[in-house]
Ligand code: GLA
């Protein structure tokens with residue numbers, strides 16, 4: 087990937103010295119659709135990410151080349167300069183959100199590429215935002231602290247892409263650390279690293295390769311449901327609600343909002359239970375909670391799809407310890423906690439059964455928990 091980027095950078099912008107930055111995609115062991123509800127998430131950065139070569143160019147414009155799409159874009163740094171191409175809007179958004187913090191950035195040239203599968207629920211967009219947020223902060227010595235860099239990425243999604251996402255993806259991408267998952271309390275923003283190397287188990291993602299066209303509007307609709315339910319219960323976040331409180335407002339909210347809130351309130355406890363279980367090396371409990379999350383996301387939160395449900399059922403049949411849809415949902419991957427001794431058999435059987443049912447094989451990504459945003463050169 088680095089060679090491709092170097093070549094493209096030299097071709098478009100010449101050979102003068104430049105810097106190389108990277109940031110990562112993420113997995114999330116458990117705690118889904120909890121971040122914007124002020125609850126907990128439990129993600130980690132992965133060994134797939136985005137890499138960007140970058141150099142100040144002495145103009146007031148950004149000149150950017152996407153090596154993967156083989157597309158070039160050029161844009162200014164004022165609000166009215168927004169580029170049309172979606173990939174360039176991510177970079178533009180990061181620039182704008184940094185400027186809104188009262189910081190000064192200048193024009194730059196960049197060529198970048200990534201290896202996070204798009205639309206697979208591994209946060210390729212957060213990797214892109216975090217790479218540029220980190221790079222600009224470092225290159226222009228802006229002194230923005232790391233959490234704020236994650237917020238720059240999140241606000242880019244809100245203001246320039248139209249997804250009202252929570253903080254999880256950008257947080258994991260910036261704060262990721264090799265070998266550790268991070269439990270983030272999305273209300274207090276306190277976080278804790280948990281070394282994660284379960285003996286005798288592997289983590290693997292199975293990608294359905296299904297992409298939901300309307301995923302972003304459906305995501306925003308889920309978020310609105312949660313806000314409706316929280317409001318009806320008189321709390322700021324569903325974090326502060328209980329099942330009893332939810333029962334109390336059942337007649338006052340829509341059946342749909344009720345189901346959404348029911349899932350979210352349950353998910354808070356599941357994350358805490360998983361962290362406790364990990365402390366005891368109790369992977370059976372970890373896995374059981376993952377399945378509970380899957381079916382909550384499928385039946386109550388309704389962000390699964392037939393392909394993901396098929397994989398969850400197959401995983402259970404094959405004796406996989408834990409399996410669930412990962413990330414926002416509406417397609418993408420399942421995350422699987424699998425005992426070493428059944429790993430190969432599971433991959434072969436699940437892939438073959440999936441292909442027979444849906445006409446294409448799922449993609450298989452073993453998970454390596456890795457470092458997040460950093461300068462490479
Ligand atoms: C997407 C969002 C995150 C989070 C997850 C679901 O990845 O970007 O903020 O809400 O969905 O857990």
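In our numbering, the protein residues as written are 87 to 463. For each residue, glycine too, the CB sits at the ideal point set by N, CA and C. The structure presented is a predicted model; accordingly, all values stated were derived computationally and were not measured.
State the Cα-Cα distance for the pair residue i and residue j, rounded to the nearest angstrom.
i	j	result
residue 324	residue 341	16 Å
residue 457	residue 265	8 Å
residue 143	residue 99	9 Å
residue 309	residue 387	11 Å
residue 384	residue 417	11 Å
residue 158	residue 149	7 Å
residue 314	residue 119	15 Å
residue 306	residue 248	9 Å
residue 215	residue 198	12 Å
residue 114	residue 177	25 Å
residue 164	residue 289	44 Å
residue 377	residue 271	22 Å
residue 191	residue 219	11 Å
residue 369	residue 413	21 Å
residue 349	residue 183	33 Å
residue 155	residue 257	26 Å
residue 87	residue 333	53 Å
residue 347	residue 252	16 Å
residue 95	residue 104	9 Å
residue 129	residue 463	27 Å
residue 442	residue 427	25 Å
residue 91	residue 461	15 Å
residue 449	residue 410	16 Å
What first and last residue would you give for the beta strand (DSSP E) that runs through residue i?
i	result
residue 325	Counting along the chain, residue 325 falls outside any beta strand (DSSP E), and DSSP gives it neither H nor E.
residue 152	147 to 152
residue 347	Looking at the DSSP string, residue 347 is not in any beta strand (DSSP E); the run it does join, the alpha helix (DSSP H), is 341 to 365.
residue 200	194 to 200
residue 161	157 to 162
residue 334	First-last for residue 334: 329 to 334, but that is the alpha helix (DSSP H), not the beta strand (DSSP E).
Is the beta carbon of residue i sitting closer than 9 Å to the one on residue j?
i	j	result
residue 117	residue 322	no
residue 431	residue 404	yes
residue 211	residue 255	yes
residue 259	residue 436	no
residue 389	residue 423	no
residue 135	residue 238	no
residue 141	residue 196	yes
residue 399	residue 291	no
residue 261	residue 131	yes
residue 382	residue 352	yes
residue 85	residue 280	Outside the shown range of the chain, which is 87 to 463, sits residue 85, and nothing can be said about it.
residue 194	residue 222	yes
residue 295	residue 439	no
residue 282	residue 364	yes
residue 269	residue 127	yes
Does the beta-carbon of residue i have 16 or more other beta-carbons within 10 angstroms, so that it is buried, or is it exposed?
i	result
residue 242	buried
residue 446	exposed
residue 151	buried
residue 408	buried
residue 122	buried
residue 354	buried
residue 434	exposed
residue 111	buried
residue 470	Past the boundaries of the shown model lies residue 470; the chain is included only from 87 to 463, so the question cannot be answered.
residue 452	exposed
residue 145	exposed
residue 285	exposed
residue 367	exposed
residue 329	exposed
residue 375	buried
residue 393	buried
residue 337	exposed
residue 172	exposed
Since residue i sits in a beta bridge, which residues does DSSP pair it with?
i	result
residue 306	According to DSSP, which records beta bridges pairwise, residue 306 is partnered with nothing at all.
residue 135	110
residue 221	The partner list for residue 221 (beta bridge, DSSP) is empty, contrary to what the question assumes.
residue 277	270
residue 461	107
residue 450	292
residue 408	423
residue 129	114
Starting from residue i, follow the alpha helix (DSSP H) in both directions and report where the run begins and ends.
i	result
residue 120	Unbroken run through residue 120: none, as it is neither H nor E.
residue 266	Unbroken run through residue 266 is the beta strand (DSSP E), 266 to 271; no alpha helix (DSSP H).
residue 421	Not the alpha helix (DSSP H): residue 421 falls in the beta strand (DSSP E), residues 417 to 425.
residue 466	Since the first residue shown for the chain is 87 and the last is 463, residue 466 is missing from the structure and cannot be characterised.
residue 238	232 to 242
residue 175	172 to 186
residue 258	254 to 261
residue 285	That residue, residue 285, is in no alpha helix (DSSP H); it is neither H nor E in DSSP.
residue 394	392 to 403
residue 206	From DSSP, residue 206 is part of no alpha helix (DSSP H); its letter is neither H nor E.
residue 97	88 to 99
Let me see if you follow: with CB-CB separation under 9 Å, is residue i close to chain B or not?
i	result
residue 189	The structure shown contains no chain B, having only a single protein chain.
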